[in-house]
Amino acid sequence: MVNGYNGNILRVNLSNEKISIENLDEIFCRRYIGGEGFIVYYLLNELKVGIDPLST
1427 MVNGYNGNIL RVNLSNEKIS IENLDEIFCR RYIGGEGFIV YYLLNELKVG IDPLST
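Under the working numbering, think of the first position of the sequence shown as 1427, with each following residue one higher.
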């Protein structure tokens, strides 16, 4: 595994108060290495287009 990563992401859903752990493969870690890379990947793939950033 890439140094500094343990291959997991902790997801915290504040709406339903649930947590889950996602396993990451090494290819994903190498492609999106660094905190910014992970964040950009998840923002682009999981948020709806046109979402209001200040909505609740």
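The beta-carbon is built from N, C-alpha and C at its ideal position, and this holds for glycine as well.
- About 6 Å separates the beta carbon of Gly1433 from that of Asn1449, a gap short enough to meet the 8 Å contact definition.
- Ile1447: member of the beta strand (DSSP E) spanning Lys1444 to Asn1449, first to last residue.
- DSSP links Arg1437 through a beta bridge to Ser1446.
- Non-local C-beta neighbours of Tyr1458 in its own chain, meaning closer than 6 Å and more than five positions away in sequence, comprise Phe1464 and Tyr1467, ordered along the chain.
- Phe1454 and Leu1470 have their C-alpha atoms some 15 Å from each other.
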